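Peer 1: Questions regarding the structure given below will be posed in turn.
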Amino acid sequence: MKVFDLKAGETGVIKNIGLSGSALERLTSLGIKVGERVEVISFSLFKSSVLISCAAVRVGIRKSLAQRIEVDI
Amino acid sequence: MKSIRRCPYGYKLAANESATAGKKVVLAGNPNAGKTTLFNALTHSNLRTGNFHGVTTSPAQKTVGNITYVDVPGAYAFKTYSMEEKSAVDEIKSGDLVINVVDALTLENSLNLTRQIIATGAPTVVYLTKCAALKRRGGFVDTGKLSRYLGVPVFDCPPKKLKKIIEDGSIPKPAGEKCGFFEAYKAGDTRISGADKLFYNRIFALFFFIAAIIAMFFLAFHPLMLGAYLKGLMEKLIGAFGDFLTSKMQNPAVISLFSEGIIGGAGSVLAFVPQLAVLYLFLTLLDESGVTSALAFATDGIFEKANLSGRAAFSLVSGFGCTAAAIMTTRGYSTQSAQRRTVAILPFVPCGAKLPVFLTFLSPLFENPFPAITCFYFAGVAAALIVSVAVKGGNEGLLSEVAPIALPRLKTVIEKLLNYLKGFIIKVTGIVTLFCVASWVLSHFSFDFKYVEAEQSMLSAFSKLILPFFYPMGVIDWRIAYAALCGFVAKENVAAAVALLMPDGAGLGLASAIAFCTFMLFCPACISAFSASVKETGLKFTLKCAAFQLLLAFLGAYVTHLIFAFI
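These protein sequence lines are chains Z and E, in that order. Using this note's numbering, the letters of the first sequence correspond one by one to residues -16 to 56. Using this note's numbering, the letters of the second sequence correspond one by one to residues 5 to 571.
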């Protein structure tokens, strides 16, 4: 399941991040990595992106990127 | 040793009394950690800060005593993501002392960069910010234990104390046994608060944003509200000052220079300070409370549909203040095409200086100019979004931290507000006044330097050359054509030139006034925005944009005039 498919309020543990390069670097440095539990807080207008939280970090991710982050519920 | 009493492990670097004399101190850290706020405190500067990730976009430096402080854009890691962060790494590596500014709220993640900085071998100290907010949410951080965990000194003292420690060169080294991270730090309750949830809700966020903007304009422009009321007072004050100044003067030419040129021109623009203050107070409150950051996320769908970066929301909001400053914020974008697209549309967002222009032309026509001006602001943003859809270019994936919602600190808000107003007043008393003097001279002397009526002046002869372009928008007075031209130096000049040359008002009818305001809305921004754009996107691209904007401004104004002439 992709993180983008979760509903607001649901959580999941990251199984795989299908990104590379700088986007992956940035996620990692924000503490969003495989094995971490993330919560979907909300979606933006027209569901263009998703706001997820992981520990104290809140990060907005556009759909195209969020669809490459796999989670286990 | 008083200055480092808060650091329980402190001892003096004995060998070198002034370890940082003539040295470079670099401030580095994650985006939105508070580097620029610390930089301003250390150097008594007034660099722009904002509660948003990526406000600082290029290294700034200032020398105090014999220490040069360098403020670098935020970076998450040395392997970089966006263009802005590349310049940061080079600066960090070249520092004699690196102050790693760390947001205590997100400490665990920030340490990733901290470790990389320490690994470069540059002498490093960690400075914690937002400790009070951490305490409020039930967390704690022990600087002594954290410094033993990291192996570098850690401070959470006020900036003044930190400055003294740096100047004295008495940086304490961590002493004692190494300890675990969780003895030193507890994150506290990081759950999303009710206020956060509300502002992250897309429907609420959209309505709140529109309501806030309308409330802002209402307070600023409605004749019975604060902004307009204070403006009236300011006008009276400036008028009285002008009368006092000219009461002792004899020479009619000198009286005219002061009363029409300086007081009438620049003074009339200065009277807009209260209304600008209301606008900027609103924008600052939204920014400092984290609401702008939340709204930028929640309304991302609109920006995505317009092919804009997720960060564009922040740039557009900055554009209400100053286009040049807004253009600088685009350096944080990760791709050039996303940056160019945003730079191309920013001039359509009406900056603070366009406000006096709209008011000058619309106030005589409406008893209450608030709805008309609000329409122009929304039209500007709509035009920006529409143009963005039309421009080709790549998109940028949004991957940006969102700041938590918190009550803004009154002190910061007031400081920022005063700073912005100071900038406006300096501009008006400086460049705009000079400009008014020049305009006065040009409009009172003929080519053979005789003191003449404005109609025979060299300004009149020159302005009549460009006047035909303004005929189709119903403008047949050369003085307004000249005012429009002045706008390319600074938009404040438009209102100043009208006030100077046409003391009884511009005298435009509804159709031509709205057409001229449309021209001002779409036309290229001022020279400082132009040079910011050249710096960010190159001359060729900037010229292309300017030509397009000029064309759109004329065509838009012609069409608007046609439409309103028939109504």
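We put the beta carbon where it would ideally sit given N, CA and C, even for glycine. All figures in this text were calculated on a predicted structure; none of them were measured in a lab.
E:Glu419 touches chain Z at which residues, Cβ-Cβ below 9 Å?
Peer 2: Residues of chain Z passing the Cβ test: none, with the nearest at roughly 27 Å.
Peer 1: Would you report the Cα separation of E:Cys161 and E:Lys149, rounded to the nearest angstrom?
Peer 2: In a straight line, the C-alpha of E:Cys161 is about 15 Å away from that of E:Lys149.
Peer 1: Using a Cβ cut-off of 8 Å, pull out every chain Z residue sitting near E:Asn205, in sequence order please.
Peer 2: Those are Ser25, listed as they occur along chain Z.
Peer 1: So, helix, strand or coil for E:Asp107, using DSSP?
Peer 2: Residue state, collapsed to three classes: strand.
Peer 1: Counting only the same chain and skipping the five closest in sequence on each side, list residues whose C-beta sits under 6 Å from that of E:Tyr153.
Peer 2: For E:Tyr153, where only same-chain residues beyond five positions count, the Cβ hits under 6 Å are Cys183, Phe185 and Ala188.
Peer 1: Are the C-beta of Z:Phe29 and some C-beta of chain E separated by less than 8 Å?
Peer 2: For Z:Phe29, the answer is yes, since a Cβ of chain E falls inside 8 Å of its Cβ.
Peer 1: Please tell me whether E:Asp100 and E:Lys168 are closer than 8 Å, where the distance is taken between their beta carbons.
Peer 2: The answer is no: Cβ separation not under 8 Å.
Peer 1: DSSP has E:Asp75 in a bridge; who is on the other side?
Peer 2: In the DSSP output, where bridge partners are listed per residue, E:Asp75 has E:Leu31 and E:Ala64.
Peer 1: Does the separation of the CB atoms of E:Lys134 and E:Gly69 fall below 8 Å?
Peer 2: No, Cβ-Cβ distance for E:Lys134 and E:Gly69 is not below 8 Å.
Peer 1: Can you tell me the Cα-Cα spacing of E:Ala45 and E:Leu138, whole angstroms?
Peer 2: About 21 Å.
Peer 1: Excluding sequence positions up to five away, which residues of its chain have a Cβ less than 7 Å from the Cβ of E:Asn20?
Peer 2: Caution is warranted here: a pLDDT of 37 is assigned to E:Asn20, below 50, making its placement in the model unreliable, and the coordinate value is therefore given only provisionally. Gly173.
Peer 1: When you compare the CB positions of Z:Val40 and Z:Gly14, do they come within less than 8 Å of one another, or not?
Peer 2: A contact, by the Cβ cut-off of 8 Å.
Peer 1: When the Cβ atoms of the stretch 324 to 341 of chain E are set against those of the stretch 482 to 492 of chain E, are three or more pairs found closer than 8 Å?
Peer 2: Short answer: they don't touch.
Peer 1: In terms of residue numbering, what span does the beta strand (DSSP E) encompassing Z:Cys37 cover?
Peer 2: Ser32 to Cys37 is the span of the beta strand (DSSP E), which, as asked, contains Z:Cys37.
Peer 1: Along chain Z, in chain order, which residues have C-beta atoms closer than 9 Å to that of E:Ala81?
Peer 2: In chain order: Glu8, Arg9, Thr11 and Ser12.
Peer 1: If we cut at 8 Å on Cβ distances, does Z:Gly1 have a partner in chain E?
Peer 2: Not an interface residue.
Peer 1: Tell me, please, whether the CB atom of Z:Arg51 is closer than 8 Å to any CB atom in chain E?
Peer 2: Judged by the 8 Å Cβ criterion, Z:Arg51 is not in contact with chain E.
Peer 1: Mind listing, in chain order, the continuous beta strand (DSSP E) runs of no fewer than 3 residues lying wholly within the stretch 304 to 365 of chain E?
Peer 2: Runs found: none.
Peer 1: Let me see if you follow: with CB-CB separation under 8 Å, is Z:Val42 close to chain E or not?
Peer 2: Output row for Z:Val42: interface = yes.
Peer 1: DSSP on E:Val395, reduced to helix/strand/coil?
Peer 2: Residue state, collapsed to three classes: coil.
Peer 1: When DSSP builds the beta bridges, which residues end up paired with E:Leu132?
Peer 2: Note: E:Leu132 sits in a beta bridge opposite E:Val106.
Peer 1: Report yes or no: do the stretch 358 to 366 of chain E and the stretch 557 to 571 of chain E share at least 3 C-beta pairs separated by less than 8 Å?
Peer 2: With a cut-off of 8 Å, the stretch 557 to 571 of chain E and the stretch 358 to 366 of chain E do not count as touching, because too few Cβ pairs lie within range.
Peer 1: Hey, could you find the ends of the beta strand (DSSP E) E:Ser516 is sitting in?
Peer 2: From DSSP, E:Ser516 is part of no beta strand (DSSP E) but of the alpha helix (DSSP H) over Leu514 to Phe526.
Peer 1: Taking DSSP as the reference, what is the three-state secondary structure of E:Tyr195?
Peer 2: Going by the sequence as given, residue 195 of chain E is Arg instead of Tyr. Coil.
Peer 1: I want to verify the contact list: residues of chain Z whose CB lies under 7 Å from the CB of E:Asn113, in sequence order.
Peer 2: Neighbours of E:Asn113 on chain Z, chain order: Ser12, Leu13, Gly14 and Val40.
Peer 1: Per DSSP, what kind of secondary structure is E:Asn423 in: helix, strand or coil?
Peer 2: Three-state result, E:Asn423: helix.
Peer 1: Please name the residues in the stretch 200 to 233 of chain E whose beta-carbon is closer than 9 Å to at least one beta-carbon of chain Z, in chain order.
Peer 2: Result list: Asp200, Lys201, Tyr204, Asn205, Arg206, Ile207, Ala209 and Leu210.
Peer 1: Are any of the Cβ atoms in chain B nearer than 8 Å to that of E:Thr124?
Peer 2: Protein chains Z and E are contained in the structure displayed, whereas chain B is not.
Peer 1: Whole angstroms are fine: how far does the CA of E:Gly78 sit from the CA of E:Tyr85?
Peer 2: The pLDDT assigned to E:Tyr85 is 43, lower than 50, so where the model puts this residue is not dependable, and the model offers no usable value.
Peer 1: List the whole-angstrom C-beta distance separating Z:Val42 from E:Ser404, where the pair is believed to meet the contact cut-off of C-beta under 8 Å.
Peer 2: Correct: roughly 7 Å between the Cβ atoms.
Peer 1: Going by C-alpha to C-alpha distance, which of E:Ala465, E:Leu556, E:Met238 and E:Phe307 sits closest to E:Thr346?
Peer 2: Checked all of E:Ala465, E:Leu556, E:Met238 and E:Phe307; the closest Cα to E:Thr346 is E:Phe307.
Peer 1: Should E:Gly1 go down as buried or exposed, given a rule of 16 or more other Cβ atoms within 10 Å for buried?
Peer 2: Outside the modelled stretch of chain E, which goes from 5 to 571, sits residue 1 of chain E, for which no answer is possible.
Peer 1: Answer with yes or no whether the minimum CB distance from Z:Leu(-11) to chain E is below 8 Å.
Peer 2: So no, Z:Leu(-11) is outside the interface.
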